[in-house]
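First comes the structure, then the notes that go with it.
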Amino acid sequence: MPVGNDVVDLHDPGNQPGVIHPRFDQRVFTDEELSWLEATPPGRRRHALRWTLWAAKESVFKLVRQRDTTAAFRPRDFAVRLTAADGAEVSRGSAVYLVELDATGERVHAVARDVGRPRPVAGISRSERCPDAGAVSALVRAEAANSVGERLGIEPAEIQIRGKIPQALRHGKRLPVDVSLSHHGRFRAHAVAAGP
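Residue numbers for the sequence shown follow our numbering, beginning at 3 and rising by one.
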């Protein structure tokens with residue numbers, strides 16, 4: 003069962019309102035999403051909404067990419083409809099996906115799944131400082147291996163999470179789960195779903 007997840011550090015210096023490109027919103031968001039942003043007062047609420055919409059789109063893209071490795075990320079093709087404070091539906095063409103949202107004043111975490119599929123297992127971790135890219139990638143893969151191990155009753159040390167589109171392997175054979183990894187700023191996140 004494909005799964006996607008994305009985490010955004012709301013305090014990362016690279017995504018603050020004064021730093022992002024002036025036309026970022028127009029390139030990324032649908033007309034309806036732009037109207038929501040414009041109706042939200044500038045400041046923390048608009049900043050959080052911007053990155054909540056982004057995380058929802060990115061999480062669904064990661065799910066789609068597990069099925070179609072040639073899929074390109076064109077953010078405006080992923081239309082978000084917020085259904086509750088902790089949920090959204092994202093459509094891409096005629097397909098609709100469910101996204102669970104977990105937002106705090108520090109970060110936004112989005113986990114995407116197909117409609118009618120059970121909730122994936124998800125985890126999120128925070129570092130006081132931003133580790134280098136190689137270290138954070140190894141950390142999030144180890145955390146995902148722990149979740150896979152718990153789900154399947156396998157020692158995490160026997161599990162490898164490999165690939166740009168991550169797969170959980172044991173002794174070189176793919177395990178019956180799908181995995182999604184994400185990291186941004188001080189946060190690492192993963193999601194694990196039972197396979198077909």
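C-beta atoms are modelled at their ideal positions from N, C-alpha and C, and glycine is treated no differently.
From a predicted model like this one, the values you see are computed outputs, not experimental measurements.
Consult DSSP for residue i and reduce its assignment to one of helix, strand or coil.
i           : result
residue 175 : strand
residue 12  : coil
residue 37  : helix
residue 28  : helix
residue 18  : coil
residue 48  : helix
residue 79  : helix
residue 42  : coil
residue 96  : coil
Less than 7 Å between the beta carbons of residue i and residue j, yes or no?
i           : j           : result
residue 112 : residue 182 : no
residue 98  : residue 117 : yes
residue 179 : residue 161 : no
residue 156 : residue 68  : no
residue 53  : residue 10  : yes
residue 195 : residue 3   : yes
Exposed or buried, residue i, counting other C-beta atoms within 10 Å across all chains shown (16 or more means buried)?
i           : result
residue 175 : exposed
residue 25  : exposed
residue 192 : buried
residue 189 : buried
residue 173 : exposed
residue 88  : exposed
residue 86  : exposed
residue 159 : exposed
residue 152 : exposed
Roughly how many angstroms lie between the CA atoms of residue i and residue j, to the nearest whole one?
i           : j           : result
residue 184 : residue 102 : 15 Å
residue 22  : residue 28  : 12 Å
residue 126 : residue 33  : 31 Å
residue 6   : residue 138 : 18 Å
residue 56  : residue 30  : 8 Å
residue 74  : residue 58  : 16 Å
residue 65  : residue 165 : 15 Å
residue 19  : residue 106 : 18 Å
residue 84  : residue 17  : 22 Å
residue 12  : residue 136 : 22 Å
residue 144 : residue 122 : 17 Å
Would the C-beta of residue i count as close to the ligand FAD, meaning under 6 Å from any of its heavy atoms?
i           : result
residue 182 : In the structure shown, the ligand FAD is absent, as is every other ligand, since no ligand is present at all.
For residue i, list the residues DSSP reports as bridge partners.
i           : result
residue 103 : 112
residue 127 : 190
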